[in-house]
Amino acid sequence: SQQGEEDPQALSIQEGENATMNCSYKTSINNLQWYRQNSGRGLVHLILIRSNEREKHSGRLRVTLDTSKKSSSLLITASRAADTASYFCATALIQGAQKLVFGQGTRLTINP
Amino acid sequence: EAGVAQSPRYKIIEKRQSVAFWCNPISGHATLYWYQQILGQGPKLLIQFQNNGVVDDSQLPKDRFSAERLKGVDSTLKIQPAKLEDSAVYLCASSLVLQQLETQYFGPGTRLLVL
């Protein structure tokens, strides 16, 4: 089963609105990352939050991490049409194989 | 700085045929990954190299998939023979060794369709 699961699977909002995506995971992590994937393209690293951090900002992005609930959220403020993409969370585990495990993603559509 | 390069971008083959994908990572990145991304899913790690050594290939279907990274730079991923369920996007990524659990840089991917 997936380590990370995103919610919702799909989200459609109007340009200018805020978009919130959630990620839940099962085992303890070293860090959690969010990536964006535009249609037909590779993934682009957006932001990383470490297990001892609770919130991080980068431009219009805000990420929160709640290790007690094993969950994270990605907030995109003042959305733009160019934000239309799939967003994936990826967890770096503390134990076991040293690799990133990706969730299934949230498909975000920004309507003009 | 040039990004991760992959070729071909698209490939259509019939089942039981063989296919090979090529990846050139960012210069200086010792760690290279191959991921398989099936439509509607997140990427799944197939194999990870550090220089020319295999770090993790636990999810590589070794009866049909093989990968190599000669000289610790370029890498090729081969499927022989291909099955219908191999239809997916194959992503190559690279990272600095000290950042392998942090920032990974992805190529554009090779979209494979097996008929």
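Residue numbers (the numbering used here), protein chains in the order written: chain E, 1447 to 1558; chain C, 26 to 140.
Ideal placement from N, C-alpha and C gives every residue a C-beta, glycine not left out.
The beta carbon of E/S1458 is closer than 6 Å to those of T1555 in its chain, skipping five residues each way along the sequence. Here C/L71 is not near E/N1476, since their CB atoms are 8 Å or more apart.
With respect to C/L116, C/G134 sits close: the two C-beta atoms are nearer than 8 Å. Taken through DSSP and simplified to helix, strand or coil, C/L121 comes out as coil. Counted as a single uninterrupted DSSP element, the stretch harbouring C/R41 is not any beta strand (DSSP E), since DSSP gives it neither H nor E. Per DSSP, C/S91 is one residue of the beta strand (DSSP E) stretching across F90 to E93. Around the beta-carbon of E/Y1481, 16 or more other beta-carbon atoms lie within 10 Å, marking it buried. Annotation for C/A107: no beta strand (DSSP E) segment contains it, and DSSP assigns it neither H nor E. Shown here, E/D1453 sits in a strand according to DSSP, grouped into three states. Linking E/G1450 to C/P86 through their CA atoms gives a straight-line distance of about 23 Å. Boundaries of the beta strand (DSSP E) harbouring E/E1501: E1501 to S1504, taken from the DSSP string. Where E/I1556 is concerned, the enclosing beta strand (DSSP E) starts and stops at T1552 to N1557. Close CB contacts of E/L1511 within its chain, under the 7 Å cut and outside five residues either way in sequence, are with L1478, I1495, E1499, R1500 and S1518 (chain order). In the three-state DSSP reduction, C/D99 falls in the coil class, being neither helix nor strand. For the 8 Å CB-CB criterion, E/G1549 and E/E1461 do not form a contact. A distance below 8 Å separates the beta carbons of E/A1456 and E/T1552.
With a beta-carbon spacing of about 22 Å, C/R34 and C/P106 fall beyond the 8 Å limit used to define contacts.
Counted as a single uninterrupted DSSP element, the stretch harbouring C/A55 is not any beta strand (DSSP E), since DSSP gives it neither H nor E. Counting the other Cβ atoms within 10 Å of the Cβ of C/D111 gives 16 or more, which makes it buried.
Taking a C-beta distance under 8 Å as the contact criterion, C/Y58 and C/Q75 do not qualify as a contact pair. Residue state for C/D81 is assigned as strand, using DSSP reduced to three classes.
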